[in-house]
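See below for the structure under consideration.
In the working numbering, the protein residues as written are 3 to 257.
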């Protein structure tokens with residue numbers, strides 16, 4: 003009887019170990035699945051790199067994907083533009099450190115979010131679908147203030163020596179720090195502001211700061227996931243992208 007019982011347990015034991023192994027494999031694959039790209043580079047000039055949350059570095063070129071929690075770093079001669087899946091666009095100027103802290107976008111969701119940080123340098127941003135559907139979850143952080151966005155187009159620059167300068171082209175932004183808050187509003191002709199420190203009240207200006215000059219232009223574009231190259235190439239994109247006043251060039255697509 004013992005022999006019979008022992009023999010009948012073997013198939014069951016084999017099935018159990020196979021099932022257990024498959025479950026472990028499935029869990030491992032789901033845990034270590036590659037992250038989903040949230041955007042891609044439209045163009046790159048000079049050296050632009052992405053640093054991951056685990057301090058791994060990728061050199062970016064045109065069509066390279068970007069991911070949540072990436073920190074995008076442009077060199078002294080580097081610049082580039084990102085288009086995100088919600089159709090927002092960001093053009094980064096030289097010597098900029100720009101981190102994607104949080105990005106959640108699903109057209110059927112009501113809990114989308116876009117939170118980025120600027121440690122130094124500058125960029126121009128044209129907001130997309132997240133700012134329209136979830137404006138309360140759309141924020142730009144800097145060392146001296148946080149900017150709330152209400153469907154807009156604006157440019158900012160920050161350095162430790164000059165502080166933060168902002169220029170609004172369209173829409174509304176709210177600038178908040180420990181000293182208070184101000185609102186830039188296109189319809190009210192409040193277009194420019196400067197902030198010298200975290201505990202210094204933001205000040206509305208009648209003209210843009212000289213530090214905002216030299217911002218690269220934004221090229222109208224859409225995200226095309228099928229063209230992702232993994233961001234592994236080290237060759238910069240050969241594309242003439244002049245500096246100068248920000249403007250949108252329509253009809254350009256990176257498909």
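Virtual Cβ for every residue (Gly too), placed ideally from N, Cα, C.
Pair within 9 Å by beta-carbon distance, residue 91 and residue 220: The Cβ atoms of residue 91 and residue 220 lie closer than 9 Å to each other.
For residue 97, the first and last residue of its enclosing beta strand (DSSP E): Counted as a single uninterrupted DSSP element, the stretch harbouring residue 97 is not any beta strand (DSSP E), since DSSP gives it neither H nor E.
Residue from 172, 177, 201, 134 with nearest C-alpha to residue 142: That would be 177, whose Cα lies nearest to the Cα of residue 142.
According to DSSP, residues forming a beta bridge with residue 107: According to DSSP, which records beta bridges pairwise, residue 107 is partnered with nothing at all.
Close beta carbons around residue 117, own chain, < 6 Å, minus the five adjacent residues each side: Once the five neighbours on either side are set aside, the close Cβ partners of residue 117 are 103, 104, 141.
Beta carbon of residue 163 nearer than 9 Å to that of residue 123: In this structure, residue 123 does not lie closer than 9 Å to residue 163 by Cβ.
Residue range of the alpha helix (DSSP H) that includes residue 198: Residue 198 -> no alpha helix (DSSP H), and no H or E assigned at all.
Sequence-distant residues of the same chain with beta carbon closer than 7 Å to residue 199, five excluded per side: Here the set comprises 146, 165.
Identified DSSP bridge partners for residue 161: Residue 161 pairs with 165.
Backbone secondary structure at residue 170 - three-state DSSP: DSSP, reduced to helix, strand and coil, places residue 170 within a strand of the structure shown.
In DSSP terms, what residue 192 is bridged to: 187.
Cβ contact (3+ pairs, closer than 8 Å) linking the stretch 196-216 and the stretch 180-187: The stretch 196-216 makes contact with the stretch 180-187; the number of CB pairs closer than 8 Å reaches 3 or more.
Chain C contact for residue 178 (CB, 9 Å cutoff): Checking the listed chains, one finds no chain C in this structure; it contains a single protein chain.
Buried or exposed by the 16-neighbour rule on C-beta atoms within 10 Å, applied to residue 79: Exposed.
Cα-Cα separation, residue 156 to residue 58: Taking the straight line joining both Cα atoms gives about 31 Å.
Sequence-distant residues of its chain with Cβ nearer than 6 Å to residue 136 (five each side left out): Counting only residues of its own chain and dropping the five nearest sequence neighbours on each side, residue 136 has a CB closer than 6 Å to the CB of 114.
Nearest residue (CA-CA) to residue 46, options 70, 77, 73, 207: With distances taken between Cα atoms, residue 46 lies closest to 77.
Through-space distance from residue 112 to residue 62, alpha-carbon basis: Taking the straight line joining both Cα atoms gives about 32 Å.
8 Å CB neighbourhood of residue 185 in its chain, flanking five on each side removed: Cβ within range, chain order: 174, 175, 176, 177, 192.
Beta-carbon contacts of residue 139 that lie in its chain and below 6 Å, excluding the five residues immediately before and after: Contacts found: 115.
Integer-rounded CB distance, given that residue 89 should sit under 8 Å from residue 153: Contact between residue 153 and residue 89 is ruled out by a C-beta separation of about 12 Å, above the 8 Å threshold.
Identity of the residue in 87, 55, 64 nearest residue 48 by Cα: If we check each option's Cα against that of residue 48, 64 comes out closest.
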